[in-house]
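For reference, the structure discussed in these notes is given below.
Number of protein chains: 2
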Amino acid sequence: MTAVFASRLATATLALLAAGAQAAPEQAKPLPPRASVADVVKASKSADWRPLDPENTVYMDLPTGRVIMELAPAFAPATAANIRALVREKYFDGLFIIRSQDGFVVQWGDPDEENPKPFKAAKTVKEEFTVSIKAASKGGVFTRLKDGDVYAPQVGHVNGFPAARDPAKGETWLPHCYGMVGVARDNGFDSGNGSQLYVVTGHSPRHLDRNITVVGRIVQGMPLLSAQPRGTGAAGFYEKPEQRMPLQTVRLAADLPEAERSKFEVMRTDSATYQAVVEAQRNRGGPWTKVASGKIDLCNAPIPVREQR
Amino acid sequence: MTAVFASRLATATLALLAAGAQAAPEQAKPLPPRASVADVVKASKSADWRPLDPENTVYMDLPTGRVIMELAPAFAPATAANIRALVREKYFDGLFIIRSQDGFVVQWGDPDEENPKPFKAAKTVKEEFTVSIKAASKGGVFTRLKDGDVYAPQVGHVNGFPAARDPAKGETWLPHCYGMVGVARDNGFDSGNGSQLYVVTGHSPRHLDRNITVVGRIVQGMPLLSAQPRGTGAAGFYEKPEQRMPLQTVRLAADLPEAERSKFEVMRTDSATYQAVVEAQRNRGGPWTKVASGKIDLCNAPIPVREQR
Numbered sequence: 001m002t003a004v005f006a007s008r009l010a011t012a013t014l015a016l017l018a019a020g021a022q023a024a025p026e027q028a029k030p031l032p033p034r035a036s037v038a039d040v041v042k043a044s045k046s047a048d049w050r051p052l053d054p055e056n057t058v059y060m061d062l063p064t065g066r067v068i069m070e071l072a073p074a075f076a077p078a079t080a081a082n083i084r085a086l087v088r089e090k091y092f093d094g095l096f097i098i099r100s101q102d103g104f105v106v107q108w109g110d111p112d113e114e115n116p117k118p119f120k121a122a123k124t125v126k127e128e129f130t131v132s133i134k135a136a137s138k139g140g141v142f143t144r145l146k147d148g149d150v151y152a153p154q155v156g157h158v159n160g161f162p163a164a165r166d167p168a169k170g171e172t173w174l175p176h177c178y179g180m181v182g183v184a185r186d187n188g189f190d191s192g193n194g195s196q197l198y199v200v201t202g203h204s205p206r207h208l209d210r211n212i213t214v215v216g217r218i219v220q221g222m223p224l225l226s227a228q229p230r231g232t233g234a235a236g237f238y239e240k241p242e243q244r245m246p247l248q249t250v251r252l253a254a255d256l257p258e259a260e261r262s263k264f265e266v267m268r269t270d271s272a273t274y275q276a277v278v279e280a281q282r283n284r285g286g287p288w289t290k291v292a293s294g295k296i297d298l299c300n301a302p303i304p305v306r307e308q309r
Numbered sequence: 001m002t003a004v005f006a007s008r009l010a011t012a013t014l015a016l017l018a019a020g021a022q023a024a025p026e027q028a029k030p031l032p033p034r035a036s037v038a039d040v041v042k043a044s045k046s047a048d049w050r051p052l053d054p055e056n057t058v059y060m061d062l063p064t065g066r067v068i069m070e071l072a073p074a075f076a077p078a079t080a081a082n083i084r085a086l087v088r089e090k091y092f093d094g095l096f097i098i099r100s101q102d103g104f105v106v107q108w109g110d111p112d113e114e115n116p117k118p119f120k121a122a123k124t125v126k127e128e129f130t131v132s133i134k135a136a137s138k139g140g141v142f143t144r145l146k147d148g149d150v151y152a153p154q155v156g157h158v159n160g161f162p163a164a165r166d167p168a169k170g171e172t173w174l175p176h177c178y179g180m181v182g183v184a185r186d187n188g189f190d191s192g193n194g195s196q197l198y199v200v201t202g203h204s205p206r207h208l209d210r211n212i213t214v215v216g217r218i219v220q221g222m223p224l225l226s227a228q229p230r231g232t233g234a235a236g237f238y239e240k241p242e243q244r245m246p247l248q249t250v251r252l253a254a255d256l257p258e259a260e261r262s263k264f265e266v267m268r269t270d271s272a273t274y275q276a277v278v279e280a281q282r283n284r285g286g287p288w289t290k291v292a293s294g295k296i297d298l299c300n301a302p303i304p305v306r307e308q309r
């Protein structure tokens, strides 16, 4: 009896091999073992990690736990500033997750169109759908992935965020990868102010790139958002108030005493160790793998996050 | 006050424009309106659709509703046959969803490694990680997408399924797109028999392509799988039996009386209408869009399914 748990699908390795689950006859030459992503992370050094930036780290406390978002001000300085302002006036406290559209996004903000909750922060913020490569370079070094991309001339990472760019136009932008946070807007390009945000929860909708300001990434707690029941209204909006998950408090890490902060760190994407993570994902080895893909798509490159050591 | 609902993120169009949500000054020349995916679907004709094949349609009835999977025997004939055999001996009845790993897969089957539920169907099935292009062509015409792919030389669709291929090797395979169903296995390439299946619930893990037999697609009920709470064990396995969602009954459509069958149809991917769907997704127009991507990634090409008319 073969236990078929697809344990090797996961980055974590499970020891669930049952008797009889040997290599099949056609597997004449098993691939040589290679370091997995988990192996590379395990062997990393302290210098391969940076702490989350408290001025750009937002804690969203739901009844089910804490979600942590890191903002990327190098790619959206005005929008990140407005989100900080909204958080500091406690605008989000008591608002809700209002939408979950399967294979697409989960969105939070004010469900009340008729009598919206007022706020002092800016109502309009200039579009930051793309920024200049020169400006974004202040955020960190761009390390390029070599396997190409359907949507952008170049893709890679900057300071723990995925990034796309078009050198001919001198533009760069944050792509709509799983877990990335975008700024909902109306038709006006400046109508997204950060008071309604969404996170990608399905296959990365990259066709939205350069049409919306993408401002950051959920670095902890994705399951608390992604597993929300799907809304049955148009575009996945919840139809009944009781279906909405409340945002209890939303705070900037910098505004909390040290002792109340969550301590996480993200792998430095300009480190040699991160290049090894990418390579481990591009080329898997060992007896389970038949074909190492030898390629990696931007949104399939994991960006490790762990508790600070 | 601008209501920021990102309604135009969705394929469904919502009329949530608030006063003041006009085009911003920088939007000097709004893009001309274009047919959306929803518009194309609405204008389609009966001949643009085919019914689901009852011999290859599996109903998985959960306490929360019905999930419908369509098998693709042109790409995995032996595996599809074994899944039909397992369903017909009612093997899956009373088993469970046993795993939900965030951004990756949801898996179902027998949680009991020690005393597994016996079955009469084959315990091993030859690998169908790829099949010959010639063999798969019996399943339908391959219609190619023109924007390339990171992982495969060619990508497109066959008979309502996404498909990848390598003409130099004469091989084709079903890719790991969101909603596609794969056959969990152990190290042996023939150790996947269909008794444990998984569905992709995150960004498409295409590096698994050609390493696992992909056998079909969830065509209805994805939210019942994708929104399952994430498991807290290694690789997202549930740690407590009560966390597992039971599979009440799993049946082949062909084995149910006509009156008990769910009536859905899928758009014919070899139709001109489907090419219009793809084009609508590649190039969006109208006042919301700033930049039409002009590109489409295989797993971002929607394959419409609707109730049969």
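Chains as they are written, first to last, in full-length UniProt numbering: chain A, 1 to 309; chain B, 1 to 309.
Every residue, glycine too, gets a C-beta built ideally from N, C-alpha and C.
**Request:** Go through its chain and collect everything with a Cβ distance to A/P153's Cβ below 6 Å, but skip five positions before and after it.
**Result:** For A/P153, where only same-chain residues beyond five positions count, the Cβ hits under 6 Å are D166.
query = By a C-beta neighbour count over all protein chains shown, 10 Å radius and 16 as the cutoff for buried, is A/A301 buried or exposed?
reply = Around the beta carbon of A/A301, 16 or more other beta carbons sit within 10 angstroms, so the residue counts as buried.
| query | Who are the neighbours of B/K290 on chain A, taking C-beta pairs under 8 Å? | reply | Around B/K290, the beta-carbon contacts reaching into chain A at under 8 Å are E127, F129, F189, R210, N211.
* Does the beta carbon of B/G216 sit closer than 7 Å to a beta carbon anywhere in chain A? -> Cβ-Cβ to chain A under 7 Å: no for B/G216.
Q. Of all Cβ atoms in chain A, is any one closer than 7 Å to the Cβ of B/S137?
A. Not one chain A Cβ lies under 7 Å of B/S137.
Using a Cβ-Cβ cut-off of 6 Å (strictly less than) and excluding sequence neighbours within five positions of B/R261, which residues of its own chain qualify? Counting only Cβ-Cβ distances below 6 Å, and skipping sequence neighbours, we find A253.
* B/S46 burial status per 10 Å Cβ neighbour count (16 or more: buried) -> So B/S46 ends up on the exposed side.
Check: Are A/K295 and B/V150 closer than 7 Å when you measure CB to CB?
Finding: Taking 7 Å as the Cβ cut-off, A/K295 and B/V150 qualify as a contacting pair.
**OP:** Starting from A/G148, find everything on chain B with Cβ-Cβ shorter than 7 Å and list it in chain order.
**Re:** Within 7 Å Cβ-Cβ: V150.
Check your understanding: At least one CB of chain A closer than 7 Å to the CB of B/R34: is that the case?
Key -> False, the Cβ-Cβ gap to chain A never drops below 7 Å.
Unbroken alpha helix (DSSP H) run spanning A/Q281, endpoints: In the DSSP annotation of this structure, the continuous segment of the alpha helix (DSSP H) that includes A/Q281 starts and ends at 272–282.
Point to revise | B/I97 beta carbon less than 7 Å from that of B/V219 | key: Cβ distance not < 7 Å, so B/V219 and B/I97 don't count as in contact.
Open item on the list: Against chain A, with Cβ distances strictly below 7 Å, would B/D39 count as a contact?
Closed with: Output row for B/D39: interface = no.
* the stretch 196–211 of chain A in contact with the stretch 174–186 of chain A per 3-pair CB rule at 8 Å -> Taking 8 Å as the limit for Cβ pairs, the verdict is that the stretch 174–186 of chain A does touch the stretch 196–211 of chain A.
Q. What residues in the stretch 235–261 of chain A bring their beta carbon closer than 9 Å to a beta carbon of chain B?
A. Those residues of the stretch 235–261 of chain A that come within reach of chain B (Cβ to Cβ, closer than 9 Å) are A235, G236, F237.
(message) Less than 7 Å between C-beta atoms, sequence neighbours within five positions excluded: which residues of the same chain meet that for B/V37?
(response) Only T11, V277, A280, Q281, P302 meet the Cβ criterion.
| Are there 16 or more other CB atoms within 10 angstroms of the CB of B/G94, so buried, or fewer, so exposed? | Burial call: exposed.
Within this structure, are the beta carbons of B/R244 and B/S100 separated by less than 7 Å?
It is not a contact, given that the beta carbons lie outside the stated cut-off.
query: Buried or exposed: A/S191, going by 16 or more other Cβ atoms within 10 Å of its Cβ?
result: Classified as buried, A/S191 has 16 or more neighbouring CB atoms from the shown chains inside 10 Å of its CB.
| query | If we cut at 7 Å on Cβ distances, does B/R230 have a partner in chain A? | reply | Yes, contact with chain A.
By the 9 Å beta-carbon criterion, what residues does the stretch 159–185 of chain A contribute toward chain B?
Residues passing the 9 Å Cβ filter: C177, Y178, G179, G182, V183, A184, R185.
query: Would you report the Cα separation of A/F237 and A/G139, rounded to the nearest angstrom?
result: Looking at the two C-alpha atoms, the distance is approximately 35 Å.
Count the other C-beta atoms from every protein chain shown that fall within 10 angstroms of the C-beta of A/A21, then say buried if there are 16 or more, exposed otherwise. With a pLDDT of 39 at A/A21, under the threshold of 50, the modelled position of that residue is not reliable, and the figure given next carries that caveat. So A/A21 ends up on the buried side.
Task: 7 Å CB neighbourhood of A/R84 in its chain, flanking five on each side removed - done: Counting only Cβ-Cβ distances below 7 Å, and skipping sequence neighbours, we find L252.
Quick one: is A/T232 buried, meaning 16 or more other Cβ sit within 10 Å of its Cβ, or exposed? Classification for A/T232: exposed.
inquiry  = Considering just the uninterrupted stretch of the beta strand (DSSP E) at A/I97, what are its terminal residues?
reply    = Residues 96–101.
Cα-Cα, which of A/N283, A/A80, A/D39 is closest to A/A121?
Comparing Cα positions, the closest option is A/A80.
Let's see if you can read the secondary structure: which residues bound the beta strand (DSSP E) around B/D61? Note, B/D61: beta strand (DSSP E), 57–62.
Shortest alpha-carbon distance to B/A35 belongs to which of B/R50, B/V305, B/G285, B/R306?
-> Considering only alpha carbons, the answer is B/G285.
Determine, using beta carbons only, whether B/P77 comes closer than 7 Å to chain A.
No - not a single Cβ of chain A is within 7 Å of the one on B/P77.
Q: Report the rounded CA-to-CA distance for B/P25 versus A/P241, giving the unit in angstroms.
A: At B/P25, the pLDDT of 46 sits below 50, so the modelled position is not reliable and the matter cannot be decided from this model.
Rank B/L247, B/A135, B/S271, B/V41 by C-alpha distance to the C-alpha of B/R64 and give the top, closest one.
What sits at residue 64 of chain B in the sequence shown is Thr, not Arg. Residue B/L247 holds the alpha-carbon nearest to the alpha-carbon of B/T64 among B/L247, B/A135, B/S271, B/V41.
Note to self: Just checking A/Y274 against the ligand SAH - is the residue's beta carbon closer than 6 Å to any of the ligand's heavy atoms?
What the structure shows: Among the ligands in the structure shown, none appear at all, so the ligand SAH cannot be discussed.
**Report entry** Which of helix, strand or coil DSSP assigns to A/D39
**Finding:** The answer is helix: DSSP assigns A/D39 an H, G or I state.
Taking the alpha helix (DSSP H) that A/I83 belongs to, which residues open and close that run? Membership of A/I83 in the alpha helix (DSSP H) is indicated by the continuous run 77–88.
Use the C-beta contact count for A/N187: other C-beta atoms within 10 angstroms, 16 or more gives buried, fewer gives exposed. Around the beta carbon of A/N187, 16 or more other beta carbons sit within 10 angstroms, so the residue counts as buried.
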